[in-house]
Amino acid sequence: MEKACIDINELINVFSNNEGAVYQSDKLNCFYVDFGGKFARYNCLSLQKLKKVVEEIDIEALLLNTQRADFELVTFNGCEHIYLLSALEIISLKDLLQGTFTMFKLNHMVNDCLFRLVY
Amino acid sequence: MKDLMRIKCLISQDIETLLNQQIKKEAHSSSLYLSMASWCNQNGYDFSADYFTKQSEEERAHQLKLFKYVLDMGGNAISPEVTGIKSDFAGFREVFEDALEAEIAITQSFKNLASRCLKEQDFVTMEFLNWFLKEQREEEYKARRALELFEVIGEEGTGRWEIDKHVNDISYSED
Chain A
1 MEKACIDINE
11 LINVFSNNEG
21 AVYQSDKLNC
31 FYVDFGGKFA
41 RYNCLSLQKL
51 KKVVEEIDIE
61 ALLLNTQRAD
71 FELVTFNGCE
81 HIYLLSALEI
91 ISLKDLLQGT
101 FTMFKLNHMV
111 NDCLFRLVY
Chain B
1 MKDLMRIKCL
11 ISQDIETLLN
21 QQIKKEAHSS
31 SLYLSMASWC
41 NQNGYDFSAD
51 YFTKQSEEER
61 AHQLKLFKYV
71 LDMGGNAISP
81 EVTGIKSDFA
91 GFREVFEDAL
101 EAEIAITQSF
111 KNLASRCLKE
121 QDFVTMEFLN
131 WFLKEQREEE
141 YKARRALELF
151 EVIGEEGTGR
161 WEIDKHVNDI
171 SYSED
């Protein structure tokens, strides 16, 4: 529903993999995570929290535990979104977010160099 | 593309993580010193107990200074969980040996943090850390000097009583 309200052309693709993508809106100073059939909006802090929550999931323990299904609810306090993800999807989301934050680092390096030269 | 993370926060994620680890280490040191103060008090070394209580307060102040910096720069400062504080010591000398060991570990940790700042060219945090690096000179000096008292005075006879009496006289001056 949210996707319909956003001009996709204004969004910058930060990183994408086979399962999803993360976009940045320079106009609204926020991010959009397109994953698991959701197009969810995050600010800087909540995207960092999402990454932390996903990275803390012990996938090995999830797969080895025969007492429960290998699905995990992914959310955190104050988050409007909940993901119900399988182990494979968690790996994909982890990959997506790690790629995204690597791109942030790269972008920061470029910006850092450029701003030092310009100002 | 705008650098949104930079707009929100002056320090990088890596530096923020290291600063939070440092906050935890300072909290651990503060608790350890308090534990040493308790041991000294119970064993009749009241002056040393006062010395360690003061040291504990100093470490707590360092922790809060780091905590405030992380928040002021737009980062997420984490209130640390402190566990595994040693509460029993084999003797009076061991307390001071552990104190020096703790200070050396803190200095090493600051060196690691400073090295990361230089690598990232985070001169703002580096400038902030200079105060702590300078402080570590004093902290290590005091801990080392306290241990020297054991050599100079000796533990025999009323030696430990003398050492306890002089611990609070230890001060550091750059001049």
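These protein sequences, in sequence, are chains A and B.
Number 74 in the UniProt record's numbering belongs to position 74 of the first sequence; there are no gaps in the numbering.
Number 27 in the UniProt record's numbering belongs to position 27 of the second sequence; there are no gaps in the numbering.
Ideal Cβ placement from N, Cα and C applies to all residues, glycine included.
I'd like to know whether the C-beta of A/Asp26 is nearer than 8 Å to at least one C-beta of chain B.
A/Asp26 belongs to the set of residues whose beta carbon lies under 8 Å from a beta carbon in chain B.
Under three-state DSSP, which class holds A/Asn77?
The answer is coil: DSSP assigns A/Asn77 none of H, G, I, E or B.
Helix, strand or coil at A/Lys38 [DSSP, three-state]:
In the displayed model, A/Lys38 falls within a strand according to three-state DSSP.
Based on the DSSP secondary-structure assignment, which residues constitute the bridge partners of residue 138 of chain A?
A query on residue 138 of chain A cannot be resolved here, the shown segment of chain A reaching from 1 to 119 and no further.
For A/Glu56, write down the residues that DSSP places opposite it in a beta bridge.
By DSSP's assignment, A/Glu56 forms no beta bridge with any residue.
For A/Met1, name the three-state secondary structure that DSSP assigns.
Low confidence applies here, because A/Met1 scores a pLDDT of 49, under 50, leaving its location unreliable; read the following figure in that light. Coil.
Counting contacts by CB-CB distance shorter than 8 Å, is B/Ala118 in contact with chain A?
Note that residue 118 of chain B corresponds to Leu in the displayed sequence, not to Ala. With respect to chain A, the C-beta atom of B/Leu118 has no partner C-beta closer than 8 Å.
Identify the residues that DSSP records as bridge partners of A/Phe71: which are they?
In the DSSP output, where bridge partners are listed per residue, A/Phe71 has A/Ser86.
Going by the DSSP bridge assignment, what does residue 122 of chain A pair with across the sheet?
Limits of chain A in this structure are 1 at one end and 119 at the other, which puts residue 122 of chain A out of reach.
Does the beta-carbon distance from B/Leu118 to B/Leu147 come in below 8 Å?
Against a cut-off of 8 Å, the Cβ pair of B/Leu147 and B/Leu118 comes out as no contact.
In angstroms with no decimal places, state the Cα-to-Cα distance between A/Gly36 and B/Val70.
If you draw a straight line from the Cα of A/Gly36 to the Cα of B/Val70, it is about 34 Å long.
Same chain, Cβ closer than 6 Å to A/Asn17, five either side skipped, listed in chain order:
Excluding positions up to five away in sequence, the list reads Asp95, Leu96.
Does residue 187 of chain B come out as helix, strand or coil in the three-state DSSP assignment?
The shown model of chain B, from 1 to 175, leaves out residue 187 of chain B, and the question about it has no answer.
Check whether chain B comes within 8 Å of A/Asn107, counting only Cβ atoms and requiring the distance to be less than that.
For A/Asn107, the answer is yes, since a Cβ of chain B falls inside 8 Å of its Cβ.
Please list, in chain order, all residues of the same chain as B/Phe67 whose beta carbon is under 6 Å from its beta carbon, the five residues on each side excluded.
Annotation for B/Phe67: Ile23, Ala77 place their beta carbon closer than 6 Å to its own, counting only its chain and skipping 5 residues before and after.
Just tell me which of B/Lys8, B/Ser29, B/Asn20, B/Cys9 has its CA closest to the CA of B/Ala102.
In terms of Cα proximity to B/Ala102, the closest of B/Lys8, B/Ser29, B/Asn20, B/Cys9 is B/Ser29.
Residues of the stretch 3-14 of chain B in Cβ contact with chain A at a cutoff of 8 Å, in chain order, please.
Residues passing the 8 Å Cβ filter: Asp3, Leu4, Met5, Arg6, Ile7, Lys8, Cys9, Ser12, Gln13.
Between the CA atoms of B/Gln108 and B/Ala143 - distance to the nearest angstrom
Those two C-alpha atoms are separated by around 15 Å.
Of all the beta strand (DSSP E) runs that stay within the bounds of the UniProt domain "Ferritin-like diiron" (9-154) of chain B, which reach a length of 3 or more residues?
Residue ranges of uninterrupted beta strand (DSSP E) with 3 or more members are absent from the UniProt domain "Ferritin-like diiron" (9-154) of chain B; none lies entirely inside it.
Could you pull out every residue in the same chain whose Cβ sits closer than 6 Å to the Cβ of residue 128 of chain A, ignoring the five residues on either side in sequence?
The requested residue 128 of chain A does not occur in the structure, where chain A is confined to residues 1 to 119.
Is the CB of A/Cys44 under 8 Å away from at least one CB in chain B?
Taking Cβ atoms only, chain B reaches closer than 8 Å to A/Cys44, which makes this a yes.
Considering only residues of the same chain and omitting the five flanking positions on each side of B/Thr53, which have a CB-CB separation below 8 Å?
If you ignore the 5 residues before and after B/Thr53, its C-beta comes within less than 8 Å of the C-beta of Tyr33, Leu34, Ala37, all in its own chain and listed in chain order.
For chain A, is any of its Cβ atoms less than 8 Å away from the one on B/Met1?
It does: the Cβ of B/Met1 has a partner Cβ on chain A nearer than 8 Å.
A/Asp100: buried (16+ other C-beta within 10 angstroms of its C-beta) or exposed?
Correcting the residue type first, residue 100 of chain A is Thr in the shown sequence and not Asp. With 16 or more other CB atoms across the displayed protein chains lying within 10 angstroms of its CB, A/Thr100 is buried.
Along the stretch 6-22 of chain A, what residues have a CB closer than 8 Å to any CB found in chain B?
Of all residues in the stretch 6-22 of chain A, Ile12, Val14 have a Cβ within less than 8 Å of some Cβ in chain B.
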